[in-house]
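Asks: Residue 1006 is where the sequence shown starts when you use this note's numbering, and the numbers rise one by one after that. The following block contains the structure, expressed as C-alpha cells.
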Amino acid sequence: MFDFPQPGEIYRCTGFPDVVVVGVLAAGIPWDMPYRCPALAWNPYRRTYSILVRTENDDHFTEIPLGRFLQEFTCVKPDLFKRCRENRYAVLKEVTFDPELQKWRAKNISGSPPLRQFS
C-alpha cells in the first residue's frame, strides 16, 4: 500500500507556510479510491493526480500536483490512526462529508453534460 497523505495531516516545506491536507484529487475531482482500496497499486506521480491543501496561517486553499507535493513536503506528524488500513472507513467518512471537497467536486463536475433520459 502506498502511504499517501491523509486528511488533516500537517505538512511542511522550506520557504512555504505549513499546510493541512484536505484530500487527494484526480483530474480536479475528489478521489477516494486510495482510501477505499488501500491495497490497490497506483502511481501518485501521474499528471492527473493532485492534492488539495489548506494553508495553516490564512486558510487559503491550493491545489498542488501530488508528485511535487510528495517530493517537496514532509509530514510533521503522521496520523497513525488514519494510516492504519483497518480505520480507512473513518477517513472515507471524513472525505465524503468534507464541505470544501464537496464544493470542489461540484465546481469540477458541473462541466459534464447531463445524462439523457429515454422515454
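Quick reminder that beta carbons are idealized off the backbone N, C-alpha and C, glycines included.
Looking at C-alpha atoms only, which residue of E1105, I1114, K1112 and D1008 is the closest neighbour of L1057?
Replies: Among E1105, I1114, K1112 and D1008, the Cα nearest to that of L1057 belongs to E1105.
Asks: Who are the near neighbours of F1009 in its chain, counting only those whose CB is closer than 7 Å to its CB and skipping five residues on each side?
Replies: Hits under 7 Å: V1029, P1039 and P1049.
Asks: Under 7 Å Cβ to Cβ from N1113, same chain only, skipping five residues before and after it: list those, please.
Replies: Answer for N1113: G1033 and I1034, listed in chain order.
Asks: Would you kindly work out how many angstroms separate the C-alpha atoms of R1052 and A1044, rounded to a whole number?
Replies: Distance between the alpha carbons of R1052 and A1044: 21 Å.
Asks: Just to confirm the assignment, what range does the beta strand (DSSP E) spanning L1030 have?
Replies: From DSSP, the beta strand (DSSP E) with L1030 extends over F1021 to A1031.
Asks: Can you give the Cα-Cα distance for T1101 and D1023, rounded to whole angstroms?
Replies: Cα to Cα, T1101 sits roughly 24 Å from D1023.
Asks: Spatial neighbours of G1013 within its chain, please: CB distance less than 6 Å, with the 5 preceding and 5 following residues excluded, ordered by chain position.
Replies: Nothing meets the Cβ criterion.
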